[in-house]
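**Q** Quick one: this structure, given as structure tokens, is what I'll be asking you about.
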Amino acid sequence: MTSVTDADFEAEVIGAELPVLVEFTADWCPPCRQMGPVLSALAAEEEGRLKVVQLDVDTNPETTNAYQVLSMPTFMVFRGGKPVKSMVGARPRRRLLEELSDVL
1 MTSVTDADFE AEVIGAELPV LVEFTADWCP PCRQMGPVLS ALAAEEEGRL
51 KVVQLDVDTN PETTNAYQVL SMPTFMVFRG GKPVKSMVGA RPRRRLLEEL
101 SDVL
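Heads up: the sequence shown at position 3 corresponds to 3 in UniProt numbering, and the numbers run straight through without jumps.
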């Protein structure tokens with residue numbers, strides 16, 4: 001799974017051709033770590049249909065503040081450079097897939 005930063009967010013997420021699922025995460029966040037394997041599997045399964053990236057909120061405050069992210073993990077789906085869906089909190093893989101079905 002790819003990590004993005006304030007510096008490359010525009011190129012990697014806003015400019016992406018595919019829909020992009022961004023996990024706003026932090027090293028100190030246990031639910032974020034719990035989502036790691038789920039997101040890695042999702043990235044592999046949906047390759048070519050969905051791009052999955054992580055953004056560390058502690059080292060990338062500009063993007064975190066721009067999208068008013070207050071809780072970790074926050075998941076945002078971007079399509080055509082715009083956020084089209086936002087979800088807060090860890091969730092089982094099946095529920096995540098259900099919530100993403102309308103944007104894939």
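Using N, Cα and C, we set each Cβ at its ideal position, and we do this for glycine too.
Model, not experiment: these values are computed from the prediction.
Three-state secondary structure (DSSP) at PRO19?
**A** One-based indexing of the sequence shown puts residue 19 at position 19. Correct three-state label for PRO19: coil.
**Q** Helix, strand or coil for GLN54? Go by DSSP, reduced to three states.
**A** By one-based count along the sequence shown, residue 54 stands at place 54. Strand at GLN54.
**Q** Which residue from THR74, THR59, GLU99, THR63 puts its Cα closest to that of GLU12?
**A** Along the sequence shown, one-based indexing puts residue 12 at 12. Checked all of THR74, THR59, GLU99, THR63; the closest Cα to GLU12 is THR63.
**Q** THR2 bridges to which residues according to DSSP?
**A** Position 2 of the sequence shown, counting from 1, holds the residue named residue 2. Its beta-bridge partners are VAL53.
**Q** Which partner residues of ARG79 appear in the DSSP bridge assignment?
**A** By 1-based counting over the sequence shown, the position of residue 79 is 79. In the DSSP output, where bridge partners are listed per residue, ARG79 has LYS82.
**Q** Would you mind stating whether GLY89 and PRO73 have Cβ atoms separated by less than 9 Å?
**A** If you number the sequence shown from 1, residue 89 lands on position 89. If you number the sequence shown from 1, residue 73 lands on position 73. Yes. Within cutoff.
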